[in-house]
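All remarks here apply to the structure that follows.
Protein chains: 2
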Amino acid sequence: MATNELFQYSIVSALMDGVASTGLPINTLLSHGDHGLGTFRYIVGEMIILDGQLYQMKSDGSVLSIEPSNSQDIVAPFAMVTHFQPTAAVKSSISSKSELFDLLTDLLPSARNHYIAMRIDGVFKAMTVRTVGGQQSPGEGLAEVGKHQVSHNFKEPTSGTIIGFRSPEYMQGISVAGDHLHFISADRKKGGHLLALESDGEVEIQTADISTVRLELPCHDAEFDKAKLKGDRERIMAVEG
Amino acid sequence: MATNELFQYSIVSALMDGVASTGLPINTLLSHGDHGLGTFRYIVGEMIILDGQLYQMKSDGSVLSIEPSNSQDIVAPFAMVTHFQPTAAVKSSISSKSELFDLLTDLLPSARNHYIAMRIDGVFKAMTVRTVGGQQSPGEGLAEVGKHQVSHNFKEPTSGTIIGFRSPEYMQGISVAGDHLHFISADRKKGGHLLALESDGEVEIQTADISTVRLELPCHDAEFDKAKLKGDRERIMAVEG
Chain A
1 MATNELFQYS
11 IVSALMDGVA
21 STGLPINTLL
31 SHGDHGLGTF
41 RYIVGEMIIL
51 DGQLYQMKSD
61 GSVLSIEPSN
71 SQDIVAPFAM
81 VTHFQPTAAV
91 KSSISSKSEL
101 FDLLTDLLPS
111 ARNHYIAMRI
121 DGVFKAMTVR
131 TVGGQQSPGE
141 GLAEVGKHQV
151 SHNFKEPTSG
161 TIIGFRSPEY
171 MQGISVAGDH
181 LHFISADRKK
191 GGHLLALESD
201 GEVEIQTADI
211 STVRLELPCH
221 DAEFDKAKLK
231 GDRERIMAVE
241 G
Chain B
1 MATNELFQYS
11 IVSALMDGVA
21 STGLPINTLL
31 SHGDHGLGTF
41 RYIVGEMIIL
51 DGQLYQMKSD
61 GSVLSIEPSN
71 SQDIVAPFAM
81 VTHFQPTAAV
91 KSSISSKSEL
101 FDLLTDLLPS
111 ARNHYIAMRI
121 DGVFKAMTVR
131 TVGGQQSPGE
141 GLAEVGKHQV
151 SHNFKEPTSG
161 TIIGFRSPEY
171 MQGISVAGDH
181 LHFISADRKK
191 GGHLLALESD
201 GEVEIQTADI
211 STVRLELPCH
221 DAEFDKAKLK
231 GDRERIMAVE
241 G
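Respectively, the protein sequence lines represent chains A and B. Residue numbers 1 to 241, in UniProt numbering, belong to the letters of the first sequence in order. Residue numbers 1 to 241, in UniProt numbering, belong to the letters of the second sequence in order.
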């Protein structure tokens with residue numbers, strides 16, 4: 001795929017319906033992009049991919065670096081990746097997720113109905129991340145999994161990288177509408193799905209407009225075939241917002 | 001693109017919002033598939049593509065064969081195409097669109113949450129097609145355009161081909177959920193968006209499961225950038241169902 005095209009495997013509504021017993025092998029996923037996020041079989045932990053390296057951030061606070069050569073059995077039931085090539089960049093301090101949202105909107109004014117890929121590098125304080133601990137039984141939906149997630153507040157300023165995507169409102173249920181961001185620290189020892197952030201001074205924000213999306217739906221997956229996939233905006237925002 | 005991958009330009013909600021002043025040049029569209037449907041600039045008529053040949057079916061009842069070499073200015077504000085390679089086929093009589101729906105569901109049982117491409121060849125009686133006549137002013141939405149569409153009932157049995165796609169429910173607003181079918185007669189002299197059908201004896205039904213979708217969103221298109229794209233299930237079904 002060309003740079004700044006989005007590859008997405010499965011849809012968020014499938015995760016909401018607990019479709020997570022199988023997925024796309026991560027070797028295949030990495031062939032479609034070097035920058036992205038997702039989750040793992042049985043929704044065990046948060047996935048982040050930066051500079052082509054894939055990490056699993058687990059609810060016990062551990063972070064595993066996953067090597068493609070060892071990963072035949074490691075699959076993503078949901079993931080979004082791109083070959084990221086920033087087309088706009090700015091240095092700025094950020095006081096909140098909503099300030100970041102507005103800043104990116106101003107940076108890419110013609111991307112209002114497109115996707116956006118982003119990467120933010122710097123030092124953050126008052127950051128909150130969550131890591132989902134996995135399904136307690138096969139088929140448990142993401143909203144239920146989210147109820148027993150673990151949140152971490154970083155007490156000290158932490159250097160690291162945020163990777164994420166903005167998806168347009170009309171894609172809610174397919175993707176997560178709005179900004180969906182994962183974080184990993186520079187020492188690769190902590191991270192997760194980003195709930196709240198405040199930068200410690202200026203951080204570097206890089207972004208790119210995405211107007212081509214390749215969506216790959218699960219095949220030979222009985223859970224996906226029979227899932228209702230009704231989506232539910234409120235429930236998706238509660239667990240992924 | 002590989003066979004049986006869907007290429008879609010823009011989204012149905014954009015047509016509903018009247019985004020139709022520009023679009024994808026049909027030369028580019030045809031590079032992505034030889035089988036499909038769509039519409040033209042200002043929603044003037046119905047598009048059908050079979051065996052790589054593209055036709056414009058207009059509300060005055062005329063059918064134009066569009067040659068790619070002459071088409072730099074001919075654009076599709078919305079279209080869906082694939083390189084169609086049927087994976088299942090059956091000969092059957094069909095008494096209605098809903099019977100066709102059930103027949104295809106039985107033919108591809110694991111495609112319930114996928115797209116389906118289809119082609120039906122044979123003789124049809126009691127067929128009703130509509131052809132939209134175009135926007136009365138730029139930006140007029142598809143629901144309004146549909147109010148001044150022209151319907152044709154074919155009084156005599158007509159030989160021809162139906163080309164279309166089934167889209168999953170969760171893609172309503174992106175695509176048209178359910179079966180979206182266009183028809184053209186064997187003599188290429190009449191056709192349109194299919195509202196009702198009954199076959200005259202057995203027809204040949206060919207179909208294929210689609211699990212990979214490439215969605216290309218309009219770029220450098222001020223109408224698309226500012227469109228609300230809220231979708232509206234009832235209005236889409238009223239005009240496209």
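Every residue gets a Cβ at the ideal spot worked out from N, C-alpha and C, and that includes glycine. Note that this is a predicted model, so its numbers are computed, not measured.
Opposing strand residues paired with residue i [DSSP bridges]
{"i": "residue 160 of chain A", "result": "A:122, A:185"}
{"i": "residue 37 of chain B", "result": "B:48, B:80"}
{"i": "residue 191 of chain B", "result": "B:184"}
{"i": "residue 215 of chain A", "result": "A:8, B:213"}
{"i": "residue 204 of chain B", "result": "B:91, B:121"}
{"i": "residue 24 of chain B", "result": "B:76"}
{"i": "residue 177 of chain A", "result": "A:167"}
{"i": "residue 151 of chain A", "result": "A:130"}
{"i": "residue 196 of chain B", "result": "B:128"}
{"i": "residue 172 of chain A", "result": "A:175"}
Residue environment, residue i, which counts as buried when at least 16 other CB atoms sit within 10 Å
{"i": "residue 167 of chain B", "result": "buried"}
{"i": "residue 8 of chain B", "result": "buried"}
{"i": "residue 153 of chain A", "result": "exposed"}
{"i": "residue 52 of chain A", "result": "exposed"}
{"i": "residue 32 of chain A", "result": "buried"}
{"i": "residue 201 of chain B", "result": "exposed"}
{"i": "residue 237 of chain A", "result": "exposed"}
{"i": "residue 158 of chain B", "result": "buried"}
{"i": "residue 175 of chain B", "result": "buried"}
{"i": "residue 67 of chain A", "result": "exposed"}
{"i": "residue 14 of chain B", "result": "buried"}
{"i": "residue 93 of chain A", "result": "exposed"}
{"i": "residue 186 of chain A", "result": "exposed"}
{"i": "residue 227 of chain A", "result": "buried"}
{"i": "residue 156 of chain A", "result": "exposed"}
{"i": "residue 263 of chain B", "result": "Beyond the ends of chain B as shown, which are 1 and 241, falls residue 263 of chain B; an answer cannot be given."}
{"i": "residue 182 of chain A", "result": "buried"}
{"i": "residue 65 of chain A", "result": "exposed"}
{"i": "residue 282 of chain A", "result": "Lying outside 1 to 241, the shown extent of chain A, residue 282 of chain A is not represented and no answer is given."}
{"i": "residue 161 of chain B", "result": "buried"}
{"i": "residue 105 of chain A", "result": "exposed"}
Anticipated Cβ contact below 8 Å, residue i with residue j, distance rounded
{"i": "residue 50 of chain A", "j": "residue 35 of chain A", "result": "6 Å"}
{"i": "residue 234 of chain B", "j": "residue 180 of chain B", "result": "No, residue 234 of chain B and residue 180 of chain B are not in contact; Cβ-Cβ is about 16 Å, not under 8 Å."}
{"i": "residue 259 of chain B", "j": "residue 89 of chain B", "result": "With chain B covering 1 to 241 only, the question about residue 259 of chain B has no answer from this structure."}
{"i": "residue 151 of chain B", "j": "residue 130 of chain B", "result": "5 Å"}
{"i": "residue 18 of chain A", "j": "residue 135 of chain A", "result": "7 Å"}
{"i": "residue 79 of chain A", "j": "residue 127 of chain A", "result": "With a Cβ gap of about 23 Å, residue 79 of chain A and residue 127 of chain A do not count as contacting."}
{"i": "residue 11 of chain A", "j": "residue 229 of chain A", "result": "7 Å"}
{"i": "residue 55 of chain A", "j": "residue 163 of chain A", "result": "That belief does not hold up - the Cβ atoms of residue 55 of chain A and residue 163 of chain A are roughly 10 Å apart, past 8 Å."}
{"i": "residue 139 of chain A", "j": "residue 223 of chain A", "result": "7 Å"}
{"i": "residue 250 of chain A", "j": "residue 132 of chain A", "result": "What is shown of chain A runs 1 to 241, which leaves residue 250 of chain A out entirely."}
{"i": "residue 173 of chain A", "j": "residue 42 of chain B", "result": "Actually they do not touch by this definition, with Cβ atoms about 31 Å apart."}
{"i": "residue 214 of chain A", "j": "residue 29 of chain A", "result": "The Cβ separation is near 12 Å, so there is no contact."}
{"i": "residue 141 of chain B", "j": "residue 16 of chain B", "result": "5 Å"}
{"i": "residue 199 of chain A", "j": "residue 124 of chain A", "result": "6 Å"}
Neighbour list for residue i in chain D, Cβ cutoff strictly below 7 Å
{"i": "residue 22 of chain B", "result": "In the structure shown, chain D does not exist; the protein chains are A and B."}
field: Ordered list of beta strand (DSSP E) runs contained in the stretch 49 to 126 of chain A, each at least 3 residues
entry: If we require 3 residues or more, the beta strand (DSSP E) runs fully inside the stretch 49 to 126 of chain A come out as 53 to 57, 63 to 66, 78 to 82, 88 to 92.
field: Three or more C-beta pairs below 8 Å linking the stretch 76 to 85 of chain B and the stretch 93 to 101 of chain B
entry: Taking 8 Å as the limit for Cβ pairs, the verdict is that the stretch 93 to 101 of chain B does not touch the stretch 76 to 85 of chain B.
message: Taking 8 Å as the cut-off, does the stretch 103 to 118 of chain B touch the stretch 62 to 73 of chain B (at least 3 CB pairs, one atom from each stretch)?
response: The stretch 62 to 73 of chain B is not in contact with the stretch 103 to 118 of chain B.
- prompt: How do the stretch 191 to 206 of chain B and the stretch 54 to 66 of chain B stand: do at least 3 beta-carbon pairs fall below 8 Å, yes or no?
  reply: At 8 Å Cβ cutoff, the stretches touch.
message: For the stretch 214 to 224 of chain B against the stretch 204 to 222 of chain A, do three or more pairs of beta-carbon atoms, one drawn from each stretch, fall closer than 8 Å, so that the two count as touching?
response: Contact between the stretch 214 to 224 of chain B and the stretch 204 to 222 of chain A is present, because at least three Cβ pairs lie under 8 Å.
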